[in-house]
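Numbering (UniProt numbering), first residue to last: 1 to 149. Yeah, the Cβ is synthetic: ideal placement off N, Cα and C, and Gly gets one too.
In structure tokens form, the structure reads like this:
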């Protein structure tokens with residue numbers, strides 16, 4: 001938490017330790033789904049070791065393909081209620097009244113990082129980071145790509 005509060009990236013060894021601890025818990029015995037981890041090949045290699053140590057194996061790695069333009073539209077149109085946290089989308093799930101939450105009447109806002117420039121940059125970084133992971137898991141035979149549009 002201290003790394004996140006400072007806006008710093010959490011070091012791999014901390015993240016991997018958290019994942020190892022979590023996957024060792026009883027409710028993960030029959031399976032689990034990871035979202036957003038691993039993000040690097042180093043983390044993926046560490047996950048392979050964790051799985052080996054726990055006597056488990058990865059069944060699938062899902063890559064959800066979505067056109068960058070559509071992702072840009074999805075993210076820049078997102079609005080969130082300041083009061084209750086309900087989420088809306090200006091195009092796909094608009095509130096009944098502009099800028100007002102249907103659930104509680106609270107004010108809707110756009111996250112500061114949901115602007116076009118920041119989202120485009122995040123998508124570019126994600127593509128660059130994801131390619132080596134896709135190659136890694138493709139070589140291991142775990143990769144399944146699905147259409148997320």
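- Under the DSSP definition of a beta bridge, residue 80 partners with 87, 109.
- In this structure, residue 83 sits away from residue 55, with a CB-CB distance that is not shorter than 7 Å.
- Non-local C-beta neighbours of residue 113 in its own chain, meaning closer than 8 Å and more than five positions away in sequence, comprise 119, 122, ordered along the chain.
- In the DSSP annotation of this structure, the continuous segment of the alpha helix (DSSP H) that includes residue 123 starts and ends at 116 to 140.
- Residue pairing by DSSP places residue 145 opposite 63 in a beta bridge.
- Per DSSP, reduced to three states, the secondary structure at residue 10 is coil, with no helix or strand assignment.
- For residue 48, the enclosing alpha helix (DSSP H) starts and ends at 41 to 53.
- Bridge pairing for residue 100: 97, 107 [DSSP].
- Residue 111 holds the alpha-carbon nearest to the alpha-carbon of residue 85 among 47, 38, 111.
- Excluding its 5 nearest sequence neighbours in each direction, residue 87 has C-beta neighbours in its own chain below 6 Å: 80, listed in chain order.
- Using a C-beta cut-off of 8 Å, the segment 57 to 77 makes contact with the segment 122 to 139, since at least three inter-stretch Cβ pairs fall below that distance.
- Under the criterion of beta carbons closer than 8 Å, residue 148 and residue 64 qualify as touching, at roughly 4 Å.
- CA-CA distance, residue 142 to residue 99, rounds to 43 Å.
- Cα atoms of residue 102 and residue 77: separation of roughly 17 Å, rounded to the nearest angstrom.
- About 10 Å separates the Cβ atoms of residue 41 and residue 134, ruling out a contact at the 8 Å cut-off.
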